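**Q**
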Amino acid sequence: MKTKILVSACLLGENCKYSGGNNKNEKVIALKEYFDLIPVCPEYFGGLPIPREPSEIRGEKVFSRTGKDLTNEFLTGAQHTLYIAKEKNTPAAVLKERSPSCGFGKIYDGTFSGTLTEGNGLTADLLFKNDIQIFGENSVNKLLDLYT
Ligand code: SF4
Numbered sequence: 003m004k005t006k007i008l009v010s011a012c013l014l015g016e017n018c019k020y021s022g023g024n025n026k027n028e029k030v031i032a033l034k035e036y037f038d039l040i041p042v043c044p045e046y047f048g049g050l051p052i053p054r055e056p057s058e059i060r061g062e063k064v065f066s067r068t069g070k071d072l073t074n075e076f077l078t079g080a081q082h083t084l085y086i087a088k089e090k091n092t093p094a095a096v097l098k099e100r101s102p103s104c105g106f107g108k109i110y111d112g113t114f115s116g117t118l119t120e121g122n123g124l125t126a127d128l129l130f131k132n133d134i135q136i137f138g139e140n141s142v143n144k145l146l147d148l149y150t
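See the structure below:
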């Protein structure tokens with residue numbers, strides 16, 4: 003049986019991105035040869051529409067570009083994603099880099115100016131704190147090294 007891995011649905015070509023598009027990534031899609039890929043979109047799970055305004059983390063909260071506080075929606079999406087991870091017993095996740103939900107290590111700084119800062123998206127952070135290894139779409143080789 004293949005190991006189950008959570009994957010940001012937008013990386014698999016799902017049109018769940020804030021713009022209504024996706025972040026389709028062939029290297030991520032190719033992981034299906036080795037893993038059972040479980041698509042997740044925390045922002046959709048949190049009840050946000052597609053398309054939606056872009057959001058960024060500022061301090062402990064998440065705001066949309068026009069200043070709506072969407073922290074609760076982002077937290078709900080993170081909890082739902084963790085629930086799936088536990089239910090499916092996934093040891094790792096491949097998540098979209100820099101997203102306020104899925105980013106890990108570097109995210110946008112809350113000024114909507116394209117500036118990066120150190121930090122984690124809310125979902126990536128919650129998964130990490132629950133012992134799930136996080137890989138960005140550019141670290142797929144590392145995942146393959148460790149799990150195949
Ligand atoms: Fe992709 Fe994650 Fe944003 Fe959903 S929340 S569109 S999976 S980066």
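The opening position of the sequence shown corresponds to residue 3 in my numbering, with each subsequent residue numbered one higher.
Even glycine gets a Cβ: it sits at the ideal position worked out from N, Cα and C.
All figures in this text were calculated on a predicted structure; none of them were measured in a lab.
Chain B beta carbons: is any one of them nearer than 9 angstroms to that of S21?
**A** Absent here is chain B; the protein component of the structure consists of one chain.
**Q** Taking only runs that begin and end inside the segment 91-145, name each unbroken beta strand (DSSP E) of 3 or more residues, in chain order.
**A** The qualifying runs are 94-97, 108-110, 118-120 and 135-138.
**Q** Looking at the structure shown, is I52 part of a helix, part of a strand, or coil, going by DSSP?
**A** DSSP places I52 in coil when its eight states are reduced to three.
**Q** Figure out for me which residue from L128, F130 and K108 has the closest Cα to the Cα of N140.
**A** Checking every option, the nearest Cα to that of N140 belongs to K108.
**Q** Is it true that the CB of G48 sits closer than 9 angstroms to the CB of L8?
**A** No. Outside cutoff.
**Q** For the beta strand (DSSP E) containing K6, name the first residue and the last one.
**A** Note, K6: beta strand (DSSP E), T5 to S10.
**Q** Verify whether the separation of the beta carbon atoms of C18 and E45 is less than 9 angstroms.
**A** Closer than 9 angstroms, so yes.
**Q** Starting from the C-beta of V30, find all residues in its chain whose C-beta is less than 7 angstroms away, skip the five residues before and the five after it, and write them out in chain order.
**A** So the qualifying residues of the chain are V9, L13, L14, V96, E139 and V142.
**Q** Can you give me the start and stop residues for the alpha helix (DSSP H) that K63 sits inside?
**A** Looking at the DSSP string, K63 is not in any alpha helix (DSSP H); the run it does join, the beta strand (DSSP E), is K63 to S66.
**Q** Please classify E58: does DSSP put it in a helix, a strand, or coil?
**A** The answer is strand: DSSP assigns E58 an E or B state.
**Q** In the DSSP assignment, what are the bridge partners of F37?
**A** Paired residues: T5.
**Q** Across the segment 60-73 and the segment 25-40, are there enough close Cβ pairs to call them in contact, namely three or more that are closer than 8 angstroms?
**A** Result no; under three Cβ-Cβ pairs closer than 8 angstroms.
**Q** Spell out the partners DSSP gives D71 in its beta bridges.
**A** DSSP output for D71 lists F65 as bridge partner(s).
**Q** Any heavy atom of the ligand SF4 inside 8 angstroms of the beta-carbon of P53?
**A** Not under cutoff, so the answer is no.
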